[in-house]
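If you read the sequence shown in numbering that gives the first Met the number 0, its first letter stands for residue 0, the second for the next number, and so on. Each residue gets a CB set at the ideal place from its N, CA and C atoms; glycine is no exception.
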Amino acid sequence: MPNSMPESVSADTSSSSSSSRLWLVTVFLTGGPVFLAMLVYKLESFDPAPIPVHEFTHPPLTAALRNERMLQGSEKVGYGVLKGPEDLLYDAHSKLIYTGCEDGWIKRVTLNDSPADSLVHNWINTGGRPLGIAFANSDPDADRITMIVADAYKGLLKISGNSTVLLTDEAEGKKFKLTDGVDVADDGMIYFTDASYKYYLREYILDIFEGKPNGRLLSFDPVTKETKVLVSDLYFANGVVLSPDQTHLVYCETSMRRCRKFYIKGKNAGRVEKFIETLPGLPDNIRYDGEGHYLIALATEFSTYWDLAYRYPFIRKVSGMVVRYLGMPPMGKSSSGVFIVDLDGKPIAHYYDPEMSLISSAIKIGDHLYCGSVHHRGILHLDVNQHPARAII
């Protein structure tokens, strides 16, 4: 008579077999995605470099005067009509604000007593994405204005009347990928930035995540047509402005949270100096207000995320992979605003709001502050007389 296995032993064996299969399935379901993620991470070509955080030798700067809720009391100009008004430029003759938008149009804004009633008109479409804008001349007749445009995709443009002319789109054999800030000297020399010769505007965040100095400060001589690199190896070169005495430039390095001087005249010509370091956020454009101050737009605060990402390249690599494969995440609140300093770089006032994000430029007209944004649908207006920055105790 054949031997038979006791029912209890058979049941135990069956239970053990089922547990083993369940364990294998669990390992596969949990370990498989982890292994795949590790493999993708290893094979990903995006390779961020260490950022020189040792240069951040001081805590983020603070200003004695602050308005920490600048959205309270603010109003929108051209809401829904101005899409991504990145840089702002005011013409005192015509009393028009000019701004470049994401649809390629440079638009004129006629201000009214009520900001909501301001009128917006299309002026010139560059066929690209106008960022920095500057006047090459000043004329009471708005139709005779000549403007220089840093177009992210086209390069450096000159607009006069109804004509648009490409001035330059490369330097030292490298094409511009992200022509960004621009200003024009009294002698006609044009100074501008190429934020990155590696990444286009649509992937600008990858340049910051990569942590490599791909930016340049340049000049263009309208007489000789020469394009010259003034400073290379910049960490996302952004806004640029001439000093009131025309002896030097102040330019922004977004990734390094700083602005620096470049002398264009005098015994220091060609020299780079510190202007302001460890800003409380990432600087975008910079403007002179005509009253002894520079207005620096801070696109986002230097948050805990950015602090960790700067210190650990793997965080920036993962963030870059998310952007490359899933696209830019929705832009949340990032305590954006405007940092005001004097001509020596001393902090004067800080207007910001934790509910605000991606302020890219600011100008002051009388007692009114106007802020542009590369992302939002309109210009932010704030009466700084009614809503001033105050001493915080």
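Test item: CB-CB of residue i and residue j under 7 Å
i	j	result
G154	I132	no
Y198	S218	no
H386	G126	no
E74	H292	no
E171	V228	yes
T246	G265	yes
G371	I378	yes
R107	L88	no
E101	G77	no
M355	L64	no
T167	T226	yes
H123	I105	At residue 123 the sequence reads Ile, which differs from the His that was named. Result yes, Cβ atoms of I123 and I105 sit closer than 7 Å.
A296	L357	no
A135	L200	no
S159	T145	yes
Start and end residues, beta strand (DSSP E) containing residue i
i	result
V240	A236 to L241
I347	P346 to D352
I392	Careful: I392 lies outside any beta strand (DSSP E) and carries neither H nor E.
I189	I189 to D193
I295	H292 to E300
V108	W104 to T109
G319	Premise fails: G319 lies in the alpha helix (DSSP H), P312 to L325, not in any beta strand (DSSP E).
L118	L118 to N124
A95	Rather than Ala, the amino acid found at residue 95 in this sequence is Leu. Segment L95 to G99, the beta strand (DSSP E) holding L95.
G72	Per DSSP, G72 belongs to no beta strand (DSSP E) and is neither H nor E.
E272	V271 to I275
E252	H247 to E252
N284	G280 to Y287
V52	Segment: none, V52 is in no beta strand (DSSP E) and carries neither H nor E.
L165	S162 to T167
Option nearest residue i by Cα separation, candidates the options
i	options	result
S333	I314, P312 and S359	S359
L60	L88, K345 and A388	K345
L130	L156, A268 and A115	L156
L177	R128, G160, D142 and Y89	R128
D288	A298, A361, F313 and V249	A361
Y393	A62, D150 and S44	The displayed coordinates of the chain run from 0 to 392. Any statement about residue 393 would go beyond what the structure contains.
P49	I204, G214, P312 and G365	P312
V249	E202, P221, S162 and V340	V340
Y369	L357, D382 and E225	D382
L110	R389, M188 and H367	H367
L241	F45, S195, I275 and M188	M188
A308	D86, P221 and E209	E209
E169	G160, T145 and S195	S195
Y324	A115, L205, P114 and I123	L205
F301	F55, S44 and F45	F55
I394	R286, L294 and L216	Absent from the model: residue 394. The displayed extent of the chain is 0 to 392, so no value can be given.
H57	I275, K316, P353 and M320	I275
D86	D343, N384 and V373	V373
F175	F45, S113, P114 and N213	N213
A115	V321, S159, N161 and G79	G79
Status (buried if at least 16 other CB within 10 Å, exposed otherwise) for residue i
i	result
I391	exposed
Y304	exposed
L165	exposed
G238	buried
L42	Low confidence applies here, because L42 scores a pLDDT of 45, under 50, leaving its location unreliable; read the following figure in that light. Exposed, because fewer than 16 other Cβ atoms sit within 10 Å of the Cβ of L42.
P47	buried
A91	exposed
R143	exposed
A236	buried
L81	buried
G31	Confidence at G31 is low in this model, with a pLDDT of 49, below 50, so its placement is unreliable and the value that follows should be read with caution. The residue in question, G31, is exposed, as its Cβ has fewer than 16 Cβ neighbours within 10 Å.
V52	exposed
G336	buried
A268	exposed
N66	buried
H375	buried
K211	buried
A348	buried
D186	exposed
N384	exposed
K316	buried
D343	exposed
K414	As shown, the chain starts at 0 and ends at 392. That puts residue 414 outside it, with no answer to give.
P243	exposed
Span of the alpha helix (DSSP H), counted from its first residue to its last, around residue i
i	result
I204	Y203 to E209
D366	Unbroken run through D366: none, as it is neither H nor E.
L144	Residue identity differs from the one stated: residue 144 is Ile in this sequence, not Leu. No alpha helix (DSSP H) contains I144, which DSSP labels as neither H nor E.
L64	Here L64 belongs to no alpha helix (DSSP H); instead the beta strand (DSSP E) covers L64 to N66.
A135	Here A135 belongs to no alpha helix (DSSP H), and DSSP marks it neither H nor E.
R259	Unbroken run through R259 is the beta strand (DSSP E), R257 to Y262; no alpha helix (DSSP H).
Should the region 277 to 288 be regarded as contacting the region 247 to 256, the criterion being three or more beta carbon pairs within less than 8 Å? yes
Looking at C-beta atoms only, is the number of pairs between the region 178 to 195 and the region 113 to 120 that lie closer than 8 Å three or more? Cβ pair count under 8 Å is below three, so no.
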